[in-house]
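Here the structure comes first, spelled out in structure tokens, and everything after it is commentary.
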Amino acid sequence: MTVRALPYSAKKLILNLVKAADHPISAPTLVRIGALFELEANNIRVTLNRLVAQGLLVLSEQGSYAFGQEAQMLADQQKQWHELEQGLKPWCGGWLAIYVANLGRRDRKLLRKRERITTLWGFREFEQGLLIRPDNLKIDSATLRQNLIELGLEPEACVFRASEFQCDRRPGELALWPVQQLNENYVELTREMRSWLADYSSKSLQDAARESFIIGDKVLHNIAYDPRLPGEMINSASRGNMVETMIQFNTVGRAIWLELIDRVVNDSPLD
């Protein structure tokens, strides 16, 4: 299997590398790894400075980079991806809801941030200012609200449970989530990971590292933003297969990347 080379932004690469490393990482290491993705050294350094200015990264006295507070909280949330199925409970037809109509929509930057945070938990807009999702999460509304606020949702947002909707439109009758696309993604991503696992050992360290990074990043993004719908709405078996395959894929890919980073840090040959 050959993974087609795709344009990869310096920002995305740096943030994913810092997240994958689990420890501060130096600029020279990032520059050398960036070269594997055809990113110039100046692009990496300029992007590092920009990410520090934005508070997404912090620079230590030793000259290494780590996540800032908000970026670290989001990374910690996403690291729970392997527990996706364990965080769900049987759905009894109820809904979790967030009322945000009182928060306003004029600040576009704040609005995009709000949408990103609520989407991370699978919420979609039922009516303007009212977001909903199936009540199949093993979490109480108070804990959910606290988590949303910690991620950056305004404290004025109201989180509650709804058991009935007496209106012309009912949530279950609307295409609020791209169910067909989600089901197709589960199958396709699982197939792509299994295909790579079958022949990665025949590749060079650089190619195996680059390909595992591209595929793994795509899968983890899909898992992080998966709406965690109940089996009544989604093919939960296919979703579970994707997560289980990703656990195996992540073990292999992480070992490859740790070897690559070790060689880069020690200035050893990469081939």
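Be aware that the sequence shown starts at 1229, since it is given in the working numbering, and climbs by one per residue.
Where is the CB? At the ideal position from N, CA and C, for every residue including glycine.
Residue state for F1477 is assigned as helix, using DSSP reduced to three classes.
Look at R1482 here: in three-state DSSP terms it is helix.
By the C-beta criterion, the region 1352 to 1365 is judged to be in contact with the region 1313 to 1320, since at least 3 inter-stretch pairs fall below 8 Å.
In the structure shown, E1472 adopts helical secondary structure according to DSSP, grouped into three states.
The three-state secondary structure of L1433, taken from DSSP, is helix.
The DSSP assignment places 1285 to 1287 and 1292 to 1295 as complete runs of the beta strand (DSSP E) inside the region 1235 to 1317, in order along the chain (cut-off: 3 residues). According to DSSP, W1323 shares a beta bridge with P1362 and A1390. According to DSSP, residue pairing for R1352 in a beta bridge involves I1360. Assignment of W1405 by DSSP, reduced to helix, strand and coil, places it in the coil class.
Taking C-beta atoms as the reference points, R1438 and L1241 fail to come closer than 8 Å. Per the C-alpha coordinates, the member of R1334, A1390 and Q1374 positioned closest to L1358 is A1390. In the three-state reduction of the DSSP assignment, M1421 falls in the helix class, which pools H, G and I. For V1415, the secondary structure class from DSSP, reduced to helix, strand or coil, is helix.
Here R1333 carries a coil assignment [DSSP, helix/strand/coil].
In this structure, the alpha-carbon of L1331 lies about 26 Å from that of Q1300. Across the structure, L1245 and W1349 are spaced so that their CA atoms are roughly 24 Å apart. Here W1485 is near A1248, since their CB atoms are less than 8 Å apart.
Straight-line measurement puts the Cα of L1302 at about 27 Å from the Cα of N1270. Minimum Cα-Cα distance from R1482 among the listed residues A1436, R1467 and S1496 corresponds to A1436. Pairwise C-beta distances place the region 1421 to 1428 in contact with the region 1461 to 1479, as three or more of them are shorter than 8 Å.
In this structure S1430 is exposed. Its beta-carbon is surrounded by fewer than 16 other beta-carbon atoms within 10 angstroms.
Rounded to whole angstroms, S1237 and L1372 show a C-alpha spacing of 32 Å.
In the structure shown, E1384 adopts coil according to DSSP, grouped into three states.
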